[in-house]
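Before any comments, here is the structure.
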Amino acid sequence: EADIYQTPRYLVIGTGKKITLECSQTMGHDKMYWYQQDPGMELHLIHYSYGVNSTEKGDLSSESTVSRIRTEHFPLTLESARPSHTSQYLCASRASYEQYFGPGTRLTVT
Amino acid sequence: RKEVEQDPGPFNVPEGATVAFNCTYSNSASQSFFWYRQDCRKEPKLLMSVYSSGNEDGRFTAQLNRASQYISLLIRDSKLSDSATYLCVVKRNNNDMRFGAGTRLTVKP
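Quick note, the sequences are listed as chains A and B, same order.
To get our numbering, take the position in the first sequence, counting from 1, and add 19.
To get our numbering, take the position in the second sequence, counting from 1, and add 44.
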């Protein structure tokens, strides 16, 4: 079982609110990732990090931002949530070849 | 063109059937290859790695053809519990992982 956690699991929030999605892993992995996935659709990489103080944007443009101050923690922030941000957000981490995913945060912006 | 291409399906097969999924990748420098499984509303999980010589894990067989840049997954004697989306994953030489869009399989009684 992977030791990667995401909170909250479900979030319903109004337009314009600032939100932070938490992701933590206890495996000591340097590489961490955020993906966005709509139901029945493919994963889209939105952010990644190869270590502390290193963050990069992924393939899909996103209005979110991330930080990596500690190895185990990779939070994602939306400064002003909009209905178009409604989706599932999956965090993942990797040491060598196997990528472990967290259970996801299902976000609904009303 | 996407870097990792998969037939999206859906594949609807009866229990006991054999089903094969194909995947092609465009980056010839790709180093490692995997199949992940994602159940409905769940996170993806590693199903198996794909080795150059081909490899088998129970009812599952994975094959790689580097010359054609092609990966396959064969499932024999399908079970209802095999219903899921199967993601083809390629690791580039710069260490990035690239996920295909997935092939959806439904096994029916």
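Don't be surprised by glycine CBs; every beta carbon is placed ideally from N, CA and C.
As the structure is a prediction and not an experimental result, all values here were calculated from the model.
Asked, Found
"Helix, strand or coil at L79 of chain A [DSSP, three-state]", "coil"
"Within 7 Å, strictly: CB atoms of T90 of chain A and V71 of chain A", "yes"
"At least 3 beta-carbon pairs within less than 8 Å: the region 62–77 of chain B vs the region 106–113 of chain A", "no"
"Simplified DSSP state of L124 of chain B, which is helix, strand or coil", "helix"
"Cβ-based burial, P88 of chain B [other Cβ within 10 Å; buried from 16]", "buried"
"Endpoints, beta strand (DSSP E) assigned at Q118 of chain A", "118–120"
"Alpha helix (DSSP H) runs contained entirely in the region 61–114 of chain A, provided each spans 4 or more residues", "none"
"Check whether Y52 of chain A and Y69 of chain A have beta carbons under 7 Å apart", "no"
"Under 9 Å from the C-beta of L90 of chain B: neighbouring residues of chain A", "Y116, E117, Q118, Y119"
"Which of helix, strand or coil DSSP assigns to S97 of chain B", "coil"
"Proximal residues of chain A, C-beta to C-beta of G146 of chain B below 7 Å", "E61"
"Nearest residue (CA-CA) to C67 of chain B, options B:Y80, B:N137, B:F78, B:Q50", "B:Q50"
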